[in-house]
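These notes are about the structure you will find just below.
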Amino acid sequence: LLYRTAEPKELHKIQAKKWDQWNDWMDDRYMAHYETTQDLRIVEQEKSIHDAIEGFLRELDISRLNIFYILSNICKSLILPIALLEEEADPLDLFEAVQIEELFKQRYYDEIDPSIRESHEKMQHEFMAARTYLDLLDPS
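Quick note, my numbering runs 463 ahead of the 1-based positions in the sequence shown.
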């Protein structure tokens, strides 16, 4: 969500549309603003980001912490798993945010490699399983 492409412009616009909503949500929810970049440099984030995430993680029980860990590794993001755990995002939101480049290429080339399709299916399954597990933790 933090590292954006400059080219192609269409992909840049799609990234901004899909990813800015989650960065804005994090800013609104935790008063923690993430810096984004189009460079391949490490972006130093504000201390408020680290404090917000640490506070969130400290409040999780072991089951939710495990889900967070799994999702953050799949997503390569901390924001998206937090949004899912807080019920602001659903599994489809995560998949679309994580797979923006691949979905763009699929649309651009009008085909998808079978191994990528299999990877997509596995990822969607993982996101759905996480949501189901979280729902079972809080039956209401």
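All C-beta atoms in this analysis are idealised placements derived from N, C-alpha and C, irrespective of residue type, glycine included.
Bridge partners - residue i, DSSP secondary structure assignment
{"i": "Thr500", "result": "Tyr466"}
Nonlocal neighbours in the same chain, by C-beta distance under 6 Å from residue i, ignoring five residues either side
{"i": "Ala552", "result": "Ala546"}
{"i": "Gln587", "result": "Phe558"}
{"i": "Asp514", "result": "none"}
{"i": "Leu523", "result": "none"}
Counted within 10 angstroms of its Cβ, other Cβ atoms place residue i as buried (16 or more) or exposed
{"i": "Ala469", "result": "exposed"}
{"i": "Ile505", "result": "exposed"}
{"i": "Ile525", "result": "exposed"}
{"i": "Leu503", "result": "exposed"}
{"i": "Leu464", "result": "buried"}
{"i": "Leu548", "result": "buried"}
{"i": "Pro554", "result": "buried"}
Which listed residue (the options) has its alpha carbon closest to that of residue i
{"i": "Asn529", "options": "Ser582, Glu589, Asp556", "result": "Glu589"}
{"i": "Asp601", "options": "Gln484, Glu550, Tyr571, Glu564", "result": "Glu550"}
{"i": "Asp556", "options": "Glu473, Leu543, Glu564", "result": "Leu543"}
{"i": "Arg580", "options": "Tyr572, Glu565, Tyr571", "result": "Glu565"}
{"i": "Glu473", "options": "Tyr571, Ser578, Leu523, Val561", "result": "Tyr571"}
{"i": "Lys585", "options": "Leu597, Gln562, Glu517", "result": "Gln562"}
{"i": "Glu517", "options": "Leu541, His583, Glu498", "result": "Leu541"}
{"i": "Asp598", "options": "Asn486, Ile533, Asp483, Arg527", "result": "Arg527"}
Same chain, Cβ closer than 7 Å to residue i, five either side skipped, listed in chain order
{"i": "Asp490", "result": "His496"}
{"i": "Tyr466", "result": "Thr500"}
{"i": "Met494", "result": "Ser511"}
Q) For the segment 583 to 593 against the segment 523 to 542, are there 3 or more C-beta pairs whose distance is under 8 Å? A) yes
Q) At a cut of 8 Å, does the segment 502 to 510 reach the segment 476 to 484 through at least three beta carbon pairs? A) no
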